[in-house]
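>
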């Protein structure tokens, strides 16, 4: 049948995986660093993935395609929910002293696909977060002050709960490399977003 279906321009795709999370039907996946339409019968043609794409790589086209198969989509969602790690989203210690307390995008029955770097997380810092930690003591490394992930402005979910009542630091992405004490002097107790101001 001829119907409306998404088209992905691989030249424009940066492989961020945001469209994968936006597609609740599971029609899109990341293969070899690029978004691909995995199953055309999973694409409902409504385009939840279009506004999610930061590069404009996704558009609609009218073409011959299998009809949308809601029954198969529901079966796939059920399989995905059964395969999702039951411990996902629970506390687990990080080797740097952070505790991952919540995976923002891991809803009930939702499995994260795409770039692991775009998976939203909140970090609760343990240990020395009130004092200065410049790593000046012999044998000690400075402690990261990062409180959430991702940090890139274009990847951050705008309704993430870590924004509620937060102190916000918006910085050029090069500043952390240019200033040695960036974490301890600027990021402490703040939600940090970075992006290129050019």
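Numbering (the numbering used here), first residue to last: 19 to 216.
We put the CB at the ideal spot given by N, CA and C, even for glycine.
Based on the DSSP secondary-structure assignment, which residues constitute the bridge partners of residue 81?
Stepping through the chain shown from its first residue, residue 81 is reached at position 63. Paired residues: 21.
> Do you know how far the Cα of residue 216 is from the Cα of residue 205?
Counting from one through the chain shown, the residue named residue 205 turns up at place 187. Counting from one through the chain shown, the residue named residue 216 turns up at place 198. Their Cα atoms are separated by approximately 22 Å.
> Going by C-alpha distance, which of 160, 98, 97 and 28 is nearest residue 71?
On the chain shown, position 53 is the one that residue 71 refers to. Residue 28 is the option with its Cα nearest to residue 71.
> Is the Cβ-Cβ distance between residue 26 and residue 38 less than 7 Å?
Within the chain shown, the letter at position 8 stands for residue 26. Within the chain shown, the letter at position 20 stands for residue 38. Cβ atoms of residue 26 and residue 38: not closer than 7 Å.
> Roughly how many whole angstroms lie between the Cα atoms of residue 35 and residue 159?
As a first step, residue 35 is located in the chain shown; it is residue number 17 there, counting from the start. As a first step, residue 159 is located in the chain shown; it is residue number 141 there, counting from the start. Distance between the alpha carbons of residue 35 and residue 159: 32 Å.
> Going by DSSP, which residues form a beta bridge with residue 166?
The count along the chain shown starts at 1 and reaches residue 166 at position 148. Answer is 140, bridged to residue 166.
> Report yes if the C-beta of residue 59 is less than 6 Å from at least one heavy atom of the ligand NAD; otherwise report no.
Here there are no bound small molecules, and the ligand NAD is not part of this structure.
> Assign residue 206 to one of three DSSP states: helix, strand, or coil.
Reading the chain shown from its first residue, position 188 is the one you call residue 206. It is coil, neither helix nor strand.
> Any idea if residue 82 is buried or exposed, counting beta-carbon neighbours within 10 angstroms, 16 or more meaning buried?
Against the chain shown, residue 82 aligns to sequence position 64. Exposed, since its Cβ has fewer than 16 Cβ neighbours within 10 Å.
> So what does DSSP say about residue 118, is it helix, strand or coil?
For this step, residue 118 is matched to residue 100 along the chain shown. Per-residue confidence for residue 118 stands at a pLDDT of 38, beneath the threshold of 50, marking its modelled position as unreliable; the derived number appears in the next sentence. Here residue 118 sits in strand by DSSP.
> Excluding sequence positions up to five away, which residues of its chain have a Cβ less than 8 Å from the Cβ of residue 211?
Along the chain shown, read from residue 1 onward, the residue named residue 211 stands at position 193. If we look at residue 211 and ignore the five residues flanking it on each side, its Cβ neighbours are 169, 170, 171, 174, 186, 187, 188 and 189.
> Between residue 250 and residue 31, is the Cβ-Cβ spacing less than 7 Å?
Outside the shown range of the chain (19 to 216) lies residue 250, about which nothing can therefore be said.
> Of the residues 199, 194 and 22, which one's Cα is nearest the Cα of residue 78?
Start at 1 with the first residue of the chain shown, and residue 78 comes out as number 60. Of the candidates 199, 194 and 22, the one whose C-alpha sits nearest the C-alpha of residue 78 is 22.
> Could you please give the first and the last residue of the uninterrupted beta strand (DSSP E) stretch that includes residue 194?
By one-based count along the chain shown, residue 194 stands at place 176. Taken as a continuous stretch (DSSP letters only), residue 194 belongs to no beta strand (DSSP E), being part of the alpha helix (DSSP H) at 193-196.
> Would you report the Cα separation of residue 179 and residue 167, rounded to the nearest angstrom?
Counted from its first residue, the chain shown places residue 179 at position 161. Counted from its first residue, the chain shown places residue 167 at position 149. The alpha-carbon atoms of residue 179 and residue 167 are separated by roughly 12 Å.
> Taking just the CA atoms, how far does residue 92 sit from residue 41?
Walking along the chain shown from the start, residue 41 turns up at place 23. Walking along the chain shown from the start, residue 92 turns up at place 74. Their backbone Cα atoms lie some 13 Å apart in a straight line.
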